[in-house]
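A short write-up of the structure that comes next.
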Amino acid sequence: MAPCIDTFRTCKPQLSHEDNSRFCYMNLFRPVHLPSRAPITNSLDGGDVWLKMLEEAKSDVEQEPILSSYYHASITSHPSLGSALANILSVKLSTLTLPSNTLFEMFISVLEESPEMVESVKQDLVAAKERDPACLSYVPCFLSFKGFLACQAHRIAHKLWSQDRKILALLIKNRVSEAFAVDIHPGAKIGKGILLDHATAVVIGETAVVGDNVSILHGVTLGGTGKQCGDRHPKIGDGVLIGAGTCILGNITIGEGAKIGSGSVVLKDVPPRTTAVGNPARPIGGKENRRMVDKVPGLSMDQTSYLTEWSDYVI
């Protein structure tokens, strides 16, 4: 995953009269996964992720004392994972006219009302640690991996969207697109244990549904096919792996545990545990003799095992 570097702010900043006015103003605004045959789960439940992050932060600071202030402001000064997340997102997404204090108050209020969202955040951290060899520990992912951060900002935006606070939801969506180059409509439904690896140029449409433990590489589009209204975007089952540069278009279903090869254009349903590749995408082995995927690709991240039987390509 590509890191996104930014500045930081302290957990409890001193507030000016103008900031207090903004907080009063913001108070006015407070107010489907696909079926699977067997559970697809991570090996770690995520319950102790926050404690591990605190341990990692302490160890990192001992090795690199220059990180002390940054880690204190971003992690160790916070009472919970939700507070730390609200802080880092508010810093990354703030602008001169949209200050981090205002965003922090909005983000923390949503997270405090949604404990299930914090649990999904933990599962996403576990997903990155287990599936991305570039993820050495939880802390760098939490602070810098833009795929992770974009997904968490989307969770907040989706909550606001579901509460009919659509202007705020779209505001967050637009800032995420500008800051992280990831464009996820706040109406899209995304499960837990999600890995957006590298994440640049990922686009997910309004009525898309992404199941649990799905891994998506950079340049992936889950889009529509034209100007249709209503339910018009793909439904991605649990444990699916979608390779880089793939376009999946229309209200179609990618079955549980399927694998979509890089650069494919998918216009029709893909059955569960099937590898589909090409433009237009076709199942390996053909429609009648398609080869079933043994391991859950969204967890194994195996992107090339189908090549030996699919092609006689020689360099």
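Quick note on this note's numbering: the sequence shown kicks off at -7 and runs consecutively. The C-beta atom is built at its ideal place from N, Cα and C for all residues, glycine as well. Since we're looking at a predicted model, the values are computed, not measured.
Under the DSSP assignment, Leu135 falls in the alpha helix (DSSP H) whose first and last residues are 130 to 136. In the structure shown, Pro289 falls within a helical segment according to DSSP collapsed to helix, strand and coil. About 6 Å separates the CB atoms of Asn205 and Leu291; that is less than 8 Å, so the two are in contact. Contact between Leu73 and Val102 does not hold, since the beta-carbon distance rounds to 14 Å and is not under 8 Å. Residue Lys158 holds the alpha-carbon nearest to the alpha-carbon of His177 among Lys158, Pro132, Asn79. Contact annotation: Val232 and Ile246 have beta-carbon atoms nearer than 7 Å.
C-alpha of Ile58 to C-alpha of Lys184: approximately 34 Å in a straight line. Minimum Cα-Cα distance from Lys279 among the listed residues Pro264, Gly203, Ala171 corresponds to Pro264. DSSP places Asp175 inside the beta strand (DSSP E), whose first and last residues are 174 to 176. In the three-state reduction of the DSSP assignment, Thr68 falls in the helix class. Three or more Cβ pairs closer than 8 Å define a contact, and the stretch 160 to 168 falls short of that threshold against the stretch 194 to 201. Distance from Val257 to Cys239 at the Cβ level is roughly 5 Å; contact confirmed, criterion being Cβ atoms closer than 8 Å.
Counting C-beta atoms within 10 angstroms of its own C-beta, Thr217 has fewer than 16 neighbours from the protein chains shown and is therefore classed as exposed. Judged by beta-carbon spacing, Gly139 lies within the 7 Å limit of Ala191, meaning their Cβ atoms are closer than that value.
Residue state for Pro263 is assigned as coil, using DSSP reduced to three classes. Here Leu241 carries a strand assignment [DSSP, helix/strand/coil]. Taking a C-beta distance under 7 Å as the contact criterion, Gly235 and Ser254 qualify as a contact pair. Going by DSSP, Val195 is part of the beta strand (DSSP E) stretching over 194 to 196. Residue state for Val212 is assigned as coil, using DSSP reduced to three classes. Val202 has Ile182, Ile228 as its beta-bridge partners, per DSSP.
Counted as a single uninterrupted DSSP element, the alpha helix (DSSP H) harbouring Pro107 occupies residues 107 to 123. Here Lys251 carries a strand assignment [DSSP, helix/strand/coil].
For Ala76, the enclosing alpha helix (DSSP H) stretches over residues 73 to 85. In this structure Leu188 is in contact with Val174, their Cβ atoms being roughly 7 Å apart against a cut-off of 8 Å.
When the Cα atoms are used, Ile67 and Asp124 turn out to be separated by approximately 22 Å. Inter-residue distance for Thr89 and Leu77 is about 21 Å (C-alpha atoms, whole angstroms).
For Ala273, the uninterrupted beta strand (DSSP E) segment begins and ends at 273 to 275.
In the DSSP annotation of this structure, the continuous segment of the alpha helix (DSSP H) that includes Ser60 starts and ends at 60 to 63. When DSSP states are grouped into helix, strand and coil, Gly139 belongs to the helix group. Under the DSSP assignment, Ala49 falls in the alpha helix (DSSP H) whose first and last residues are 41 to 55.
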